[in-house]
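Engineer: Submitted below is the structure of interest, expressed as structure tokens.
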Amino acid sequence: VFSLFEFPTMENFWATLLEMVLMLLGVVGLGAVITLSFASSAYYAQFVVPTSAPAVFLSGAIYPTVCFGYLAYGVSLLFPTTPGIQAMVALSQNGAALSDVVPLVLHSAILAVLYLVLADVLRRRVAKSKGLLT
18 VFSLFEFPTM ENFWATLLEM VLMLLGVVGL GAVITLSFAS SAYYAQFVVP TSAPAVFLSG
78 AIYPTVCFGY LAYGVSLLFP TTPGIQAMVA LSQNGAALSD VVPLVLHSAI LAVLYLVLAD
138 VLRRRVAKSK GLLT
């Protein structure tokens, strides 16, 4: 469909791939943090299902983040999808150079590292509380 209507796609493949990996690591880290914060995966599912739609909305994929109020914009910055989606659209569809989206890529990298480190800390805490780690 994209080629039929001449929509630009994959304009900057390698930079898009880099951003995709960073966003993926951030999403996995955030998911692990949320999962490890609950005592049971049953509670995790009850939390994630109703919050997934607002998370997509806050990512800027549906509604521009510049139109958010200050609180909503601040919360949106905590989701790895916010800088990830904005950077990938700029790179893959608008043909932006990696240097054009450095702030978004750095934001994605910081969130990925932050959530993965926090997930490891929580994993160790849970393992220690269950006697699996000495």
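The sequence shown begins at 18 in our numbering and counts up one residue at a time. Glycine included, C-beta positions come from ideal geometry on N, C-alpha and C.
Since isoleucine 79 is in the alpha helix (DSSP H), which residue starts that stretch and which ends it?
Structural biologist: Translated into the one-based positions of the sequence shown, residue 79 becomes position 62. First-last for isoleucine 79: undefined, no H or E at that position.
Engineer: Alpha carbon to alpha carbon, how far is isoleucine 79 from alanine 56?
Structural biologist: Counting from 1 along the sequence shown, the entry for residue 79 is found at position 62. Counting from 1 along the sequence shown, the entry for residue 56 is found at position 39. Spanning the two alpha carbons is a distance of roughly 33 Å.
Engineer: Threonine 68 to aspartate 117, Cα distance in whole Å?
Structural biologist: As a working mapping, residue 68 is identified with position 51 in the sequence shown. As a working mapping, residue 117 is identified with position 100 in the sequence shown. Approximately 31 Å, taken between the alpha carbons.
Engineer: Quick check: the Cα distance between valine 143 and glycine 43, rounded to an integer number of angstroms?
Structural biologist: Position 126 of the sequence shown, counted from the start, is the residue given in the question as residue 143. Position 26 of the sequence shown, counted from the start, is the residue given in the question as residue 43. If I take the Cα positions, the gap works out to 21 Å.
Engineer: In this structure, does DSSP put threonine 26 in helix, strand or coil?
Structural biologist: Start at 1 with the first residue of the sequence shown, and residue 26 comes out as number 9. Looking at threonine 26 - three-state DSSP - the assignment turns out to be coil, as it is neither helix nor strand.
Engineer: Could you compute how far the alpha carbon of alanine 114 sits from the alpha carbon of leucine 47?
Structural biologist: For the purposes of this step, residue 114 is taken as the residue at position 97 of the sequence shown. For the purposes of this step, residue 47 is taken as the residue at position 30 of the sequence shown. C-alpha separation (whole angstroms): 28 Å.
Engineer: Measure the CB-CB distance between leucine 139 and valine 50 and report whether it falls below 8 Å.
Structural biologist: Here the question's residue 139 lines up with position 122 in the sequence shown. Here the question's residue 50 lines up with position 33 in the sequence shown. Against a cut-off of 8 Å, the Cβ pair of valine 50 and leucine 139 comes out as a contact.
Engineer: Have a look at Phe74, Thr98 and Ser58 and flag the residue whose alpha-carbon is nearest the alpha-carbon of methionine 37.
Structural biologist: Within the sequence shown, numbered from 1, the residue matching residue 37 stands at position 20. Among Phe74, Thr98 and Ser58, the Cα nearest to that of methionine 37 is on Thr98.
Engineer: Can you tell which of Gln63, Ala104, Tyr61 and Leu53 has its C-alpha closest to the C-alpha of serine 76?
Structural biologist: Taking the sequence shown and counting its residues from 1, the one referred to as residue 76 is at position 59. It is Ala104 whose Cα lies nearest to the Cα of serine 76.
Engineer: Shorter than 8 Å from the beta carbon of leucine 133 to some beta carbon of chain B?
Structural biologist: Protein chain content of the structure displayed is limited to a single chain, and chain B is not contained in it.
Engineer: Could you give the residue range of the alpha helix (DSSP H) that holds glycine 101?
Structural biologist: By one-based count along the sequence shown, residue 101 stands at place 84. Run containing glycine 101: 98–109, per the alpha helix (DSSP H) assignment.
Engineer: Could you tell me which of Gly112, Asn111, Ala107 and Tyr132 sits nearest to proline 120, measuring between CA atoms?
Structural biologist: For this step, residue 120 is matched to residue 103 along the sequence shown. Answer by Cα proximity: Ala107.
Engineer: When the Cα atoms are used, what is the spatial distance from histidine 124 to phenylalanine 85?
Structural biologist: Against the sequence shown, residue 124 aligns to sequence position 107. Against the sequence shown, residue 85 aligns to sequence position 68. In a straight line, the C-alpha of histidine 124 is about 19 Å away from that of phenylalanine 85.
Engineer: In this structure, does DSSP put serine 57 in helix, strand or coil?
Structural biologist: Mapped onto the sequence shown, residue 57 falls at position 40. If DSSP states are grouped into helix, strand and coil, serine 57 belongs with coil.
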